[in-house]
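What follows is a set of notes on a single structure, which appears directly below.
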Amino acid sequence: MSKFQQSDCYECDSTQSSVVLDQLRVVEEPRQDTVDYEKCSVLLCAKCSAVLADSLAVCGEAKNIKSIICLKVTKDVTVRGKFEACIYGLLAFCTYKVLECGVCRRCVGVVLHATPPHLSSLRNLFLLRKDVLNCYMLKNSAVVKASKVSFETRPLRRNIVEMKQDLEAQLKQVDILKEMLEGMSLPKVKRSIQPNSLPLSTTVLSNAVE
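In this note's numbering, the protein residues as written are 7 to 216.
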């Protein structure tokens with residue numbers, strides 16, 4: 007096993023390290039992922055008032071099938087095991103599994119698996135029917151019909167712009183670290199490599215080439 011020689015080690019410049027930290031602090035902008043809970047709401051079963059989801063899990067509204075698009079639901083929502091198909095209506099030519107309230111067994115939505123092209127973006131998401139839901143508004147403690155509430159989606163372009171800014175900030179951090187590390191290591195390497203310090207085999211090989 008090879009051992010490190012004392013000549014290979016050197017102390018880091020504390021001043022230079024502090025400069026690195028200061029530059030990184032300037033680049034890194036702390037993200038404030040705060041939630042305004044006053045604007046949030048809870049989705050309830052209109053029949054038994056069981057909690058099925060909340061607005062934090064809502065990612066949009068499918069107006070063509072009168073449903074709320076959710077990324078996740080509570081444990082009070084049960085997914086039926088068998089697939090069902092529909093020939094007529096809003097879900098014509100779709101294969102799906104029914105979502106039911108785990109308390110009162112009422113059908114509250116579906117999970118689409120096979121769809122026509124115009125519904126392909128809704129596959130494998132929880133689609134809760136607005137006509138069988140109530141919304142409990144945290145701001146004023148009021149219960150209103152879900153059909154009276156608009157679930158606005160966050161613009162996709164804004165998400166892409168924020169992701170791009172985060173990636174650019176991370177790349178800038180990498181560049182700063184790379185420049186500072188090169189500045190710390192290269193001078194040491196140059197000073198440590200001297201003609202007389204080369205191994206014997208390297209010197210012999212060099213003379214043979216000449």
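Every residue, glycine too, gets a C-beta built ideally from N, C-alpha and C. These numbers come from a predicted model, not from an experiment.
Helix, strand or coil: which one does DSSP assign to residue i?
i, result
"TYR142", "strand"
"TYR94", "coil"
"ASP172", "helix"
"SER20", "For SER20, the pLDDT reaches just 49, beneath the cut-off of 50, and the residue's location in the model is therefore unreliable, although a value from the coordinates is still provided. Three-state result, SER20: helix."
"LYS103", "strand"
"GLY189", "helix"
"SER127", "helix"
"ALA52", "coil"
"SER61", "helix"
"VAL116", "strand"
"SER153", "helix"
Contact check, residue i vs residue j under 8 Å by CB: the rounded distance?
i, j, result
"PHE132", "VAL117", "6 Å"
"HIS119", "LYS103", "7 Å"
"ILE71", "LEU97", "7 Å"
"LYS53", "CYS110", "5 Å"
Looking only at DSSP bridge pairs, what is residue i linked to?
i, result
"ALA148", "MET143"
"ILE74", "GLU67, LEU134"
"THR84", "GLU106"
Can the beta-carbon of residue i be found closer than 8 Å to that of residue j?
i, j, result
"LEU139", "ALA152", "yes"
"VAL79", "LEU62", "no"
"CYS51", "VAL150", "no"
"LEU144", "GLU44", "yes"
"VAL142", "VAL48", "The identity of residue 142 in the sequence shown is Tyr, whereas the question assumes Val. Cβ atoms of TYR142 and VAL48: closer than 8 Å."
"SER55", "LEU134", "no"
Check your understanding: Is it a yes or a no for the segment 104-113 touching the segment 83-90, going by three-plus beta-carbon pairs under 8 Å?
Key -> yes
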